[in-house]
Every structure is written in structure tokens, then in C-alpha cells.
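Below: the structure, in C-alpha cells.
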Amino acid sequence: MTAKHCIVMLIWATAAGAAGADCLPSINATSPTNRFTVNSNGTATDNVTGLVWKRCSQGYTLNDGGTADLADDRCLPTNAYDFYWKDALLAAQTVNATGGFANATDWRVPNLKELSSIAELRCSAPAINLTIFPDTPPATKYWTSSPLYTLADTDAYQIDFKSGGHFLADRAIVLAHLRLVRGGF
Amino acid sequence: MSLSDSMTRKTKLNRSRFGAALATTACWLTLSTGCGYTDNAPDKSAGSTGNSVQLPYPAALTKVPNATLVVKLYFPDNLEEKTLRISDDGAKITSDAILLPVGTYKARLRYYYYTEAYGELLVTESADQDLEVVAGQVSTVSFMDLPFDFNIDEDHDGIINLDELKLGTNPRVADAPPGGSTNQPPHADAGADITVTAGDPVSLSASGSTDDGSIKSYLWQEVPDTGVLNGVVTSEQVLNFTAPTVTADTPLVFKLTVTDDADVSAEDTVTVTVQPRANTTPIAKAGANQTVLEGDSVVLDGSLSTDSQGKACVACTFTWQQTAGQPTVQLQADTNPANAIFTAPVVTASTSLVFTLKVSNAANESSTASTTITVNPKNKPPTANAGPDQTVLAGTGATLQGSGNDPDGSRAPTFAWTQIAGAPTVTLKNANLATASFTAPLVGASSKLTFQLKVTDEAGASAFDSAVITITPDVPPTAIAGTNRSVTEGAAVTLDGSASSDSDGKIIAFTWTQVSNGAPAVNLQTDAINPAITRFTAPAAAAGPFDLVFQLVVTDNSNVASAPATVTITVNPKNIPPIADAGANRSVQSSDAVRLDGGYSSDPDGVLPSTAYQWSLVQAPTGLTLLNANKVLAGFTAPPVTKASDIIAKLTVTDSAGDSASATVTVTVYPAPPIQTAMALNDTGITFGGNVPSGNNPTCIGETINQQDCSFGRDATANNDADGVAGLQFTKIDAAGNPLAVSAAVWDCVNDEVTHLMWETKVNTNALRDYRHSYSWFNSTGVNDGGNPGTSDGTAVAVGASCVDVVGCNTEAYVARVNAIGLCGHNDWRLPTRDELRGIISYNTIIDFNFFPYTKGSYYWTSTPSASSGAAAWVVSLNSGNDYQFDKATARYVMLVRGP
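Residue numbers (the working numbering), protein chains in the order written: chain P, 67 to 251; chain H, 84 to 983.
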């Protein structure tokens, strides 16, 4: 992939979502589509973990394209979608406090293991199932609710959905996306 | 000479001419006027002498001072001339006795002036009249309408008696009674001898004669008689004659016989020596030739004629006569008798008239001279016509259409145009031709210029006419350069100024120029036929569009330029076809939403419009349809397949210029993976709350704590460190697979009660499962290897693996060995996935050594290959809990899992 393509992809990351990920059939899917039940309310239920996910990142709104087909589903930015860690926590709180989403008011910021569980490691940039989570930017980090364990540390965990690996970022300095979750077994 | 003398003088007729008839027919003849002069009527009574008459005195005659009018009776038949006497006042004339034989004679009166200097000069003469001499009768003849009576009377008694006639005898004297005393002979004195010149008048006087009584008569005779006195017996006291022409000195002897009243005579002689006169012929001078114009009054000037001595020829007769040339003119007398006057006749061409002057003197000597009068026709002046007044537009050509005609010229007249009024002054072209021209100057306001045409004929006569040319100001034309437009590089571009206009004339010039604006200069080529049009080739625009600005200035026929007009030609690069990008080939699994993204397509020279995209399926299962096939983002849901199947979609993009390009993308659809069984996630083990911007708390308090990790999950709801730290719940398993009490000291495996995964526990016995053994990542199955099986010989890598009882120290071999031994009663051991391994980590204490006592604080292989690099696979650090992607050809630790 050329540098030029990288630039284009960054533009799409904020405008229209990822065009697609590099996915290798030689790697077992870690977050296959058949693992999820896509709900008609903008959520998807992970039938393995029992977690219910907002399909769109916080600040984006789902547009199902007018069909039941997932192929034309889009998550389009409608509000602020980059948060400091605190604001990410507050955003989830606000959702719940302002009527919730999809008839639920127990939305939360996923912890490290939860967010890591939807990383599709057969893919990269983004390492996520775009069928379930449309327009996830190809190289964007998402906050978890998990602070770094070291006492007095300034960081919290993120999942970098470019690779699907962990990332440590300063809670008060680094902006990142947020994907809300609720439920779980 | 006194008048009284003249009245007694007698003229003797030339005897030689009349001699034959003299004896019988000669008689005394006196002259008197017929009528109108009663007071001087001839006295016909006896005793009256000196019959006097009033001579016709021509009114035309001018009395010349110091000149005496002499009147003579001229007989043209025999060329004899008899002098008549004139009274002092010129009004009366008396006759000498003229002896004429009986007969008929032609006679005329001649008038002379006599001056001392020039002698007698003929002035005029009458026409000839017949004079009939009849014995005893009065003959009457009229001269110039005045009748003269010639009385012939021998003795004044009225009876004509030819026998009684005596020469030189005064009948009345003869009739006087004789004296009575003793008579003494008279003394005759003829005067002294004299010398005269031929032609001179000679006067011999007998006045010196004396007598004691009275002298009865005088008789002059030439002895010998040479004919000087023409045989006439002169009985006067004074003898007058003209010295005859001689060739040498010639003595003439005259004898005077004086007879007294007693008839006693005495004689004396006097010798007159006549010297020859030099040539006396007058010199005629007719004056210089003259050139005159028809109608001119021409004076033929003979006044320079002279006598033979070069003196004014007083007594000369001047006769002018036209001797050559036509027409014949009527000569008129001039006040100067030497001159003649005529009016130059009308001629059609130069005509020479020759006039001859004959100058005759009293001696009838004459000479002639001629003068040529060239009469030229008068020149007729030419005509001029400057043509009509005109109004012309400033800056245009104006023509002065003059004409001229010379009615009598042999060649065309000349022309000269000049500007005589008005400003500004113009420069005339062909000012010397009938038709001149100039360029009307540019004026701000109407201006009148006056031009004069001068037509001059060959004779120099000129005619003039003028014309007024009004110059009206010119209205500048309007340039129209056309509308701005865009063209493609390399295009032939036409700039057309034909729409330009001129309200008061026409446009004669178009000037296209390129306005410098940094754009490339083009080579404008004016159309060969239409000057309004120019063309150029749009230059290359590889670097992007630019504007060419052109300026048009038009000039009208007054040479007035327009304000410039500009047109902008935007030169665009040639359209470059778009580049279709249907995206990278990829693999999906059934039920995956496949988004076909044409957004990587591009148009190098533009932006693809939203309508640029068209997707189609080139290869697909029947019934598969595309969503949004005409949009940049199309899509389909991967259909169910039993084996990897390619779906080929084609994207055609069309740019705004209509160029298109296509690309295909192959989506390989793999069968969906087996549906995973439900498996709850372990909690994270985080029981503390974090602060913002920094710091953690030992317990679950901190920033927006109700949203922090510690507030949820088993860590919060089932936190029991006895069965695993925090929310983790483990069960020890013995070698046979049986669960053991938490307190068991020996166990081989650990069961995760949340995820239901069974974990191998490591040993420190240097045996197969020793926790210090390391392996390279190796997967030879061709499945889930990331396209790279890894390294089979872990010992050969840089920091070599070390193990026991496993050939090659690779993960696959180790798994095989563990399964071979049937660890904990199972032979489905495998490498954990990344998240399975992550699942047993507490992100506080990491590994619960109560259940996993032999664990390296290092990296453990997972089965998950790296999607980023086929050479790598995920590891999880059992020191930090963090995940990484490490090269498969490195030595890492292994902890196997099975289940659920």
C-alpha cells in the first residue's frame, strides 16, 4: 500500500469509514459475522460473549441504507467522536442518563478484555468486523474502561484497531474513539 | 516774299509741254470761287486785277506754326503744277496768271505746307476735275464740292482774245496810260550771282533795278534756256524757281530785261550755280515688327522715316499699303501723317500681315520699307470647377474632384489645389492634378476646410474655384473580443473579433495581442481572409489550467482605434482518463457484508462526480445483486459457499469529460467459520479505580467510577482470590483430568471455570513441559498460519529455542508431544488464541501463581497469526499482560489450552 493510499484512507477514516480491511483467510476469524446477531436498533449481540455492542462508534449514527442488507449499512459521524478518557467515561454515563440507547440505559465503556474480544485478528487496519461495526476507522484507537494497573500511573488501556493490539495512552492527553457495550455473560 | 508780291507774281506754264498749242490756245487764267464768297466774287469788270477767290480750305488741315499753306493746281496728265497764292490768313487765294491752251484738262488741287526747313510738304489733294478751257468763256470747275471759275480774259474786258495774250504782261498794266516826261533808260539789276543746291528754291529779285520813271515790266529769261523755267516767261520782279537736279556744278544764267514806262529796256544777268544735291531720296522706316493680339489698335509707325539727310522728312508723302497677309485690313490715317492705324483683325491662328511704307519727297523720290505685324488670337481663359462641397469623416480619404477646361488650349490646362481656409492644414496629394486627395484629419469637432483649385492655361490665364470640405469627427469603433471560454491544451483556438463594430464607418484593422500575465506566449496567426480572426494552438497545460488573456483593438477607417477588449481563454490540461480502483482483492466469509469501495478511484485532472461510479458483477453466484451499484460505495452480502469462491465485481468510473476506466476486484468468499460456542469473558482483574489526569486508587474509586472497569464484572461481583485472583475462578486438575481441591499440591492442569478452558500448567522438572523451554512458532497445517507456517527448527533461530523431548523445539511439535502423552486425559491440546491467553491475566497481578506457579515473566506464543505480517504471530506477555506480534522464528514460551 502506497503512502498516497494511506492519506486517502485517513480521509475516509473521518468521512465515510473504512473502505475495507486486509483480511487473511489463512487466519481464523476471531470475530466472524456469524458470531453476532445484528439487531435492528443499532446494536449487535455477540452470541459468544453475550455482550451487546453499539455498532457505531460513539458520535456516529447508523444508517442502514434503507435495506435489511448489512452491505449498505453505514456509520456516519454526527457528533463529537474523539474523547479523552474522562470524557469517554462521561459519554457513556450521559447516554444512560439521557434516555439511553436501544431501550437500554446500562451502556458502559468496555474493559480491556471486552474490547479486545471484538478485534478481528484475521484483519488489520482495521482489525475489526466491518460487517458488524461499519466504518470503523482503519487505524483508530478506542478507549477501554481499564486504567493501567500501576499505581499513580497516568495511562489507561486502549485497543488499537489498526492491529487489534493493546495500547497505553495518557488518560488526559490522548483523544480516542469510544464504542459502548452492555450486557455480557 | 510778301503777299502783295505774291499777288503780282506770274507763273509760267511749261512751254515745252504746251508749246504746240500755246500760240493759239494759251490764255490767262484766273481762279475764283463759284459761290459762297460773294464779298470776294471775281470782279469781271474792266480794270479789276488780281481776281481773288476763297480757296476751299480743308477742314482737316491743321495750321502748322511757321508753315505756310501752299495750294497748287496740279495737272496729272502732264504732271504740271501751278502755284496758287494764298492770303496771309490762309482764307483767300489768288491766282497767278495761268496760260492754258483751249482744251479740256484734268486738274486737282494740292495743299502743301511750306517751311523754311523742309520746303513744301504735300498734305492732301482733291479729286481730279475736268477743266474746260474755252476761248472767251469762263470755265468753271468744282474742287471738293466748291466750284471755281476760271476766267480767261486777255484784257479784262470780258472778251477772250487769244491773239492778245502776252507772256508776263499784266494786261491791266499794259492797258495803263503811258507817262509824259523825257525818258531815261532804266537800270537793270538781276542781283548778285548765287550758288544753290539742286532742288532748292531759288529766288532772283530785280528789285535793285531803277528807272527815272517807272519800270513797266520785268522779263526773266534763262540764257541759254535749259528748261529750268519751263519756257515760261516770267514777268514778275522776282523770279522763283526750283534748282534743277544736276549731276555736277551747273551754272545757270538768267537775263533780266527791265522795261520802263517809256518802253526803254535794260538787261542784266545773274548766274545761279546749281550744285548737285546728294541723294535726296527719303529713307522709309516702317518701324519694328510687332506682335499684337486680335482687336488691338495697331499703329504703323513711319515716323522714324527721314529725308536723305536723316532729318525729319517734312515734305514727304507717306503711303502705307498692306502688301501681304490676310485678311486685308482697313488702314486709317493717324494724326501723325507718317503713321497709319488699323485694328488687328480676328484671327484663328497667329497671322502675319506685312505693311509697306512708301515715303516720297517733294521730288517724288521715294523708298519703301516693310514691317510685319503678327496678329495673335486672344487667349480665352480656362474654366475651373472645384467640385461640390463635401462632408467626409475624419480619418477617411477625401477626394477633391476638380475639373477645368481651356476652350482654346492646345494642351490641357494645369491644376493647382491649395488649402485656403480652415484648420488643420492638410497635406494634399496630387495637388497638381485635377483630382487631388487628402486624408481627413482627426478632429474633435466638425471642421470646415476650404480648398481652391487654380486652373491655368498655356497662355497663363487662370481660373479659380473652391470647395468646402466639412470634416466630421469620428466615433471610435467598439471592439468585441468574444466570450471567455475554456479550451483544452493543444486545441486550435479561434479568436473572432467579427462582432466588433463601428457606428460611423467600418473597421479596417484588427489587432490581437496577448496580454502578458505569466501564461505562456502563443503565436497568433491571423486568418488569411478574415482579418478579424486569429488563431493559436493552446499551449501545454501539464502543470494545470491557466488563463490566456487576449486583447483586441480595432481600428476604423478613420484610423481611430477602439478601446481594448479582452477575452480570457482558460487552457485546461487534456482530460486524463480516470483511474478506476475497485479496491484490493480480499477474502471474506459468508455472511460478511462486502463493501465495494470505488473511493480510491481518481481522476488525475479532476474530481470524480458522485455519478461517476458503476459497479457490476462479472462473476457471481446466480441471484447475487449489488447494493448501490451506481454509487461509490456498493456492496453485497457474501453468499453461502462450501468452498472458497471468487466473486468478481467490476467498477467503471467515468469522469466529467466522459472518459472512463474500469477495474475489477475479486472477493473470495470463504465458508463461514464454525459457529463458536458461547464463552463468557473473564473479567480483567482490575479492582482499582483510576483518577484523571493521573493516579490509581487501591479501591474502586476515581474518575466517573461508575463507568470504570472496577465497577463491573466478576471482579466486582464475584471477587474471590481463593479460587483465582479477583474475579478469576480456577480449578486444579490432576494428570488424569480430575479436578482437585484448591489446596492440592500437585496438579497438571487448571480449569477456568468462567471460560471453561483447560490450561496446561508448566513444571520445573526439565522434562517435556518444563516452564523454561522455548519454541519457535510453527504451523504446518496450512490453516490459520497467516500464510506462513513459521519455523520448524526453533533451535536454529538466533536465540535458539531449547526444549526437551520435542524435535525442533517448535510449537507444533510440542503440541503434538503433549497430545501424545494425553495430558490430563486429553489429546486436544493446542496453542491458545491471543484472547484466550489474555483471558487468564489479571491486569493487576497478571498471573495467579497459586494456579500457575511456574511461569516465565515473558512472552508466550498464541495460535493467532499476525494479519500484518505473515512472519509474525501474536504473543502475550505474562509479565505485563500486553500483546505483541513477534517473528515466528524466535524462541518463545508456550502454555497450551484445550476446550471448551
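Idealized CB from N, CA, C, for every residue including glycine. Quick caveat, the model's predicted, so the values are computed rather than measured.
Is residue i helix, strand or coil when you go by DSSP?
i: I590(H); result: strand
i: E843(H); result: strand
i: G681(H); result: helix
i: L920(H); result: helix
i: C783(H); result: coil
i: R981(H); result: strand
i: G877(H); result: helix
i: D966(H); result: strand
i: D343(H); result: strand
i: S794(H); result: helix
i: G310(H); result: coil
i: A421(H); result: coil
i: T99(P); result: helix
i: W111(H); result: Legend: pLDDT at W111(H) = 38, less than 50; position of this residue unreliable, no value from coordinates given.
i: C886(H); result: coil
i: G891(H); result: helix
Just to make sure I have the definition right: I need the residues of chain H whose C-beta is within less than 7 Å of the C-beta of residue i. Which are they?
i: V161(P); result: Per Cβ cutoff of 7 Å: no residues; V161(P) is ~10 Å from chain H at best.
i: C189(P); result: A950
i: L158(P); result: Note that residue 158(P) is Ala in the sequence shown here, rather than Leu. Per Cβ cutoff of 7 Å: Q790.
i: H243(P); result: Those within 7 Å of H243(P) in chain H number zero; the least Cβ separation is about 16 Å.
First and last residue of the beta strand (DSSP E) that includes residue i?
i: S183(P); result: Not the beta strand (DSSP E): S183(P) falls in the alpha helix (DSSP H), residues 178 to 183.
i: A744(H); result: 743 to 753
i: A732(H); result: 728 to 737
i: S826(H); result: Element bounds for S826(H): n/a, residue is neither H nor E.
i: E350(H); result: 348 to 358
i: N488(H); result: 486 to 488
Can you pull the chain P neighbours of residue i, defined as C-beta to C-beta under 7 Å?
i: Y753(H); result: P91
i: E786(H); result: K152, L155
i: G870(H); result: L90, S92
i: Q759(H); result: R101, V114
Can you name the residues of chain P whose CB is closer than 8 Å to the CB of residue i?
i: I730(H); result: Result: empty, since nearest Cβ-Cβ is about 12 Å, beyond 8 Å.
Taking the beta carbon of residue i as the centre, do at least 16 other beta carbons fall within 10 Å, making it buried, or is it exposed?
i: L162(H); result: exposed
i: P628(H); result: exposed
i: T133(P); result: exposed
i: R791(H); result: Correcting the residue type first, residue 791(H) is Gln in the shown sequence and not Arg. Counting Cβ neighbours within 10 Å, Q791(H) comes out buried, since at least 16 surround it.
i: D153(P); result: buried
i: S190(P); result: buried
i: S286(H); result: exposed
i: V341(H); result: buried
i: H232(P); result: buried
i: K531(H); result: exposed
i: G865(H); result: exposed
Can you name the residues of chain P whose CB is closer than 9 Å to the CB of residue i?
i: S674(H); result: P98, T99, N100, L136, T197
i: M762(H); result: V114, T115, F251
i: G718(H); result: G131, D135, L136, A137, D138, D139
In the DSSP assignment, the alpha helix (DSSP H) including residue i goes from what residue to what residue?
i: K262(P); result: Past the edges of chain P, shown from 67 to 251, lies residue 262(P), and the structure says nothing about it.
i: Y897(H); result: 894 to 904
Taking a contact to mean a Cβ-Cβ separation below 8 Å, would you say residue i touches residue j in this structure?
i: S960(H); j: S941(H); result: yes
i: E377(H); j: V429(H); result: yes
i: S963(H); j: G869(H); result: no
i: T533(H); j: A504(H); result: yes
i: A235(P); j: V775(H); result: no
i: P524(H); j: A477(H); result: yes
i: D548(H); j: A467(H); result: yes
Just the chain H side, please: which residues come within less than 8 Å of residue i by C-beta, in chain order?
i: K179(P); result: L764, N765, D766, T767, D918, R921, G922
i: P204(P); result: Under the 8 Å cutoff, chain H gives no residues; its nearest Cβ is about 12 Å from P204(P).
For residue i, which residues in chain H fall below 9 Å Cβ to Cβ?
i: V240(P); result: Per Cβ cutoff of 9 Å: no residues; V240(P) is ~11 Å from chain H at best.
i: G231(P); result: R917, W957, N965, D966, Y967, Q968
Comparing the CB of residue i with every heavy atom of the ligand FMN, is any distance shorter than 7 Å?
i: S388(H); result: Looking for the ligand FMN in the displayed structure turns up nothing, as the structure carries no ligands at all.
Using a C-beta cutoff of 8 Å, does residue i count as contacting chain C?
i: N711(H); result: No chain C is present in this structure, whose protein chains are P and H.
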